[in-house]
Amino acid sequence: MSLASAPVSTEQNNRKLLGTFLRTRRENLDPNRLGLPRMRHRRTPGLRREEVAQLADVGVTWYTWLEQGRDIKASPKTLTAIAAALQCNDVETQHLFSLAGHTLPSVRVVAACCKIAAHNQQMLDAIQLPAIIETPRFDILGYNAAWCALMGVDLAEIAPEDRNCIWLAFNHPAWRQAINDWDEVMPQMVAMFRGQMGEHLGDPHWESFLARLLHSSDEFAHTWQRYELGQVENRVKRFYHAQVGELTLRQNNWWSASRNGDRLLVYVPDDEISASALQQLIKP
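Heads up: the sequence shown begins at 2 in our numbering, then just goes up one per residue.
Encoded structure:
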């Protein structure tokens with residue numbers, strides 16, 4: 002096999018992704034907010050490589066090579082300095098370390114799980130509010146009738162491999178219709194997925210799912226290219242149901258006691274109108 006036709010290794014691909022991430026973060030930073038001198042003519046948006054190198058106390062040439070995806074090594078100490086220079090949050094810092102082949106000490110290992118325990122399903126059925134249990138990859142392990150009523154979709158009729166919140170959001174019209182403020186929620190969802198995927202680089206299960214998403218939705222593919230990273234947070238979300246109209250619910254995340262990354266999401270009405278509308282949907 003010739004060198005020209007040799008397959009790209011995971012390490013080479015990660016170096017390329019690392020360079021893209023560094024450049025994207027650098028170009029999105031405001032030099033004025035970082036207290037850097039004002040320059041009349043800036044040929045590039047955001048910071049220059051020289052400025053990042055200065056803030057991280059590394060050589061300009063070395064940092065340039067890192068951003069170009071060359072085969073050089075960066076220590077955890079240096080990566081921490083670069084993350085600070087680029088104003089990375091926790092999930093972005095983890096993503097940076099993963100691409101560089103390092104693991105932050107505080108990162109827990111996420112165990113794979115594909116089936117909900119019977120007692121967890123019993124708990125879901127007992128909750129009188131929309132609730133689901135999902136994995137870090139947004140796979141829906143369990144759900145209750147109130148959640149199906151809210152989304153207007155009977156998950157029992159959905160193939161198990163398609164029971165995934167992000168997949169359904171981009172590929173199931175009724176599910177998407179139930180999500181109000183789509184233009185705001187959709188980029189957050191993609192950013193959270195990218196943030197979670199940083200801990201699963203090279204995992205065939207995750208990589209194949211990403212490829213499936215990219216192939217199924219141009220909208221997802223376009224948003225993915227923005228290279229935004231997010232993390233799971235409790236949020237106020239708005240839903241729409243043809244029967245009762247708009248509902249404003251507060252999403253509460255609770256992680257499993259085993260700390261394997263699975264989480265319970267319970268949606269609580271944020272106002273009296275939403276509480277009344279939800280009651281109409283889930284009444285026996």
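Backbone N, C-alpha and C fix where the C-beta goes; we use that ideal spot for every residue, glycine too.
In whole angstroms, what separates the C-alpha of residue i from that of residue j?
i	j	result
Asn-181	Asn-90	27 Å
Ala-222	Leu-80	28 Å
Gln-129	Leu-151	12 Å
Asp-72	Gln-13	8 Å
Leu-67	Trp-183	36 Å
Asp-271	His-201	35 Å
Lys-284	Asn-121	22 Å
Glu-162	Asp-31	42 Å
Gln-244	Leu-282	8 Å
Leu-18	Ser-99	11 Å
Ala-75	Ile-83	10 Å
Pro-46	Gly-102	28 Å
Gly-246	Glu-185	19 Å
Ile-134	Ile-141	6 Å
Ser-117	Asp-204	Strictly speaking, residue 117 in this sequence is Ile, with Ser absent from that position. Each residue's alpha carbon lies about 22 Å from the other.
Asn-15	Glu-93	15 Å
Could you check what DSSP says for residue i in three-state terms: helix, strand or coil?
i	result
Tyr-228	coil
Ile-283	helix
Phe-240	strand
Glu-135	strand
Pro-46	coil
Arg-264	strand
Thr-249	strand
Ile-274	helix
Val-269	strand
Met-2	Its pLDDT being 44, under 50, Met-2 is placed unreliably by the model, and the measurement read from it follows with that caveat. Of the three classes helix, strand and coil, the one that applies to Met-2 here is coil, per DSSP.
Leu-142	strand
Glu-12	helix
Pro-32	coil
Leu-87	coil
Thr-104	coil
Glu-185	helix
Gly-199	coil
Do residue i and residue j have their CB atoms nearer than 8 Å?
i	j	result
Phe-240	Leu-230	no
Ile-159	Phe-194	no
Met-198	Leu-211	yes
Thr-224	Pro-174	no
Val-61	Glu-51	yes
Gly-20	Gly-70	yes
Ala-132	Leu-265	yes
Gly-196	Gln-252	no
Asn-172	Ser-217	yes
Val-191	Trp-176	no
Phe-22	Tyr-228	yes
Leu-48	Arg-27	yes
Ala-86	Leu-56	yes
Just checking: is the beta-carbon of residue i within a distance shorter than 8 Å of some beta-carbon in chain D?
i	result
Lys-284	Among the chains in the structure shown there is no chain D, since it carries only a single protein chain.
Please name the residue or residues paired with residue i in a DSSP beta bridge.
i	result
Asn-165	Asp-140
Ile-180	Phe-240
Asn-254	Leu-266
Buried or exposed: where does residue i fall if 16 or more other Cβ atoms within 10 Å of its Cβ makes it buried?
i	result
Asp-219	exposed
Trp-148	buried
His-206	exposed
Gln-95	buried
Asn-235	exposed
Gly-262	buried
Arg-145	The amino acid occupying residue 145 in the given sequence is Asn; Arg does not appear at that position. Buried.
Thr-104	exposed
Ala-372	With the chain covering only 2 through 285, there is no way to say anything about residue 372.
Glu-273	exposed
Thr-11	exposed
Asn-165	buried
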